[in-house]
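Each residue of the sequence shown is one higher than the one before, starting from 7 at the first, in this note's numbering. Glycine included, each C-beta is placed from N, C-alpha and C at the ideal position. Report on the structure given below.
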Amino acid sequence: MIVRDLLAETLKRCQSKVNAECQAAIKPSTQLIELSRLLPIFSDYIDQSAPSTQISDPSPRQLQNQMSQNDKPAFLLPSTWPLLAIAFLKPGHLAATPTIPEIKSSDVVRASFAMTIVVQSLLSGMQGRFESILQTLLLDRCSIWKNVMTAIIATTSQTYEESLESIFEDEACAQLVIRLMDFSCPHPPHLSHPKSRPEVPKVQESEDGELYMIFTDILAAFDWGSFGNHSFMRILVPFLSMKRGREFRGKLFSDHGDILKKMRVGLEDVFSVDDDVCEAKVKGDYWQLEEYLYPLEDNAQMLHLFAEFLSTHSASITPQERPFLFLYLIHHLSSQIWNADLDDRLRMDLLKVILSKTKDKQTCRALLAYDCAAPSDGSSPWALQSASFVARQSDPDPIAPLQNSPHLPKLLELQKLFSRVPGNHHSSLARLAELGWLIHPDSLETPP
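And the structure:
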């Protein structure tokens, strides 16, 4: 009875709020969400008169844990509400509700996401007063994100009388999905100073396997046109978290690079699934990028994969077109190329891949000039303010005296690196000269 009353009150209160927020972000012609029309269906589900026990499970581990016959409120109250839509998108379910035949499958999907946001917001607002009671009902952001992904896959892989297109083609639903994943529970404030290289625990191998299956299921469920949708590509960003295992990231870039290269995501659009930093975003700073930048990639095979990927797609992966992906690759590659503790041969190999295969000069200059060091005052972690990041990659004056160059320390470091590593460096030095980084071959010392 409590669940029924909460549902009815939620529908009543959120109707105007959801419609107003959606209308501000969508085209005027888009139909508004009529949540009240769906109350009979959801009430029917709560009464267990709907054929929920006959549902084939599209994701056993996800749904079996949530659809316990002995604990219905555990399925309805927490942030797993998107999974509720699956019950009503099975063939024949809507037809079994003849009293409201005008309700479409897409209405259920959109309303389910809308209620997810409202219920999650209400629970978080109540957490301060009833923390001990609600603690088990509030999922971490990673779980919320995975549940949303599971629901999206399930709702696009069913058979309907009328085909249900990608929910991201419905702008109202896309906005709701993004709101849900951006939402987070209150957390203690972040430290005032940035972490230069935080230790981020790796997830278990089993979770990597689960996430990789979700990723491949997404690719199978959506057509090629969906990958050009900004909202759709944004939900794929957490797959690039440095919390993922090396093998997981390697598969993404080696097997699905044609998808990743379409990631038109700005720095301001990146959301974290790490609860430790998700509430610490300061205006002008990009704390939520932390889990994508650290720990630095130090595996030679992955770094070579990054270098080949960036150089191959440098025409499209630019700070203007793909800000997040550009920063992600530049950060890990440049940080290690300038890492004096890394093997000299590996540093040289990475540098030569970029210089020889990257046609875009802006990419080369960004790699050479990028500085990931955190400022002493802690005002802008990793110096990632979006406006200044691109501005710093200006063309150095190729005729300026070496001693007046702002890149003098790095020029000297490059000179030492070329001196220590034996081999023919003429083409690399010529390319550097084109970029304004002039190192005369006669200045190189002969390695012993």
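Once the 5 residues before and after residue i are set aside, which same chain residues still bring their CB inside 6 angstroms of it?
i: Met354; result: Val427
i: Val396; result: Confidence in Val396 is poor, its pLDDT being 44 and thus under 50, which makes the residue's placement unreliable; the coordinate value appears in the next sentence. Only Pro325 meet the Cβ criterion.
i: Ser340; result: Leu373, Tyr376
i: Cys148; result: Val279
i: Arg437; result: Leu361
i: Lys358; result: Ser434
i: Gly215; result: none
i: Thr364; result: Ser317, Ser320, Cys370
i: Asp275; result: Arg240
i: His413; result: none
Here's a check: name, in chain order, each residue in its chain whose Cβ is nearer than 7 angstroms to the Cβ of residue i, leaving out the five neighbours to either side.
i: Pro244; result: Trp151, Val279
i: Met308; result: Arg252, Arg255, Gly256
i: Gln421; result: Ile445, Ser449, Leu450
i: Leu3; result: Since the first residue of the chain shown is 7 and the last is 454, residue 3 is not available in this structure.
i: Leu418; result: none
i: Met219; result: none
i: Glu440; result: none
Which residue from the options puts its Cα closest to that of residue i?
i: Leu295; options: Leu333, Leu357, Gly263; result: Leu333
i: Ser317; options: Lys267, Glu303, Pro447; result: Lys267
i: Glu253; options: His446, Ala306, Lys363, Asp264; result: Ala306
i: Asp261; options: Glu303, Phe221, Leu438, Arg371; result: Phe221
i: Phe330; options: Ser433, Ala346, Arg240, Leu225; result: Arg240
i: Gly429; options: Leu217, Leu418, Arg351; result: Arg351
i: Asn235; options: Ile265, Ala313, Leu217, Gly215; result: Ile265
i: Leu217; options: Val276, Ser232, Lys249; result: Lys249
i: Lys416; options: Thr369, Glu440, Ala346, Glu211; result: Ala346
i: Gly3; options: Leu414, Phe233, Lys363, Glu274; result: Outside the displayed range of the chain (7 to 454) lies residue 3, so it cannot be described from this structure.
i: His319; options: Cys370, Leu225, Ala439, Glu211; result: Cys370
i: Ala227; options: Ser212, Leu414, Val271, Met155; result: Met155
So residue i packs on residue j, CB below 8 angstroms; how close in whole Å?
i: Asp366; j: Ala321; result: 6 angstroms
i: Ser247; j: Tyr298; result: 6 angstroms
i: Glu303; j: His338; result: 4 angstroms
i: Leu356; j: Ile343; result: 5 angstroms
Could you confirm whether any beta carbon from chain D is found closer than 7 angstroms to the beta carbon of residue i?
i: Ile220; result: The displayed structure is made up of one protein chain only, and chain D is not part of it.
Residues in its own chain within less than 8 angstroms of residue i by CB, not counting five upstream and five downstream?
i: His431; result: Phe424, Pro447, Leu450
i: Met269; result: Met239, Leu242, Val243, Arg328, Phe330, Leu331
i: Trp225; result: Note that residue 225 is Leu in the sequence shown here, rather than Trp. Counting only Cβ-Cβ distances below 8 angstroms, and skipping sequence neighbours, we find His262, Ile265.
i: Phe271; result: Correcting the residue identity first, residue 271 is Val in this sequence and not Phe. The residues are His236, Met239, Arg240, Val243, Arg328, Pro329, Phe330, Leu331.
Open item on the list: Which runs of the alpha helix (DSSP H) at least 4 residues long sit entirely within the segment 292-366? Give them in chain order.
Closed with: Segments of the alpha helix (DSSP H) lying fully in the segment 292-366: 296-299, 306-318, 329-343, 350-363.
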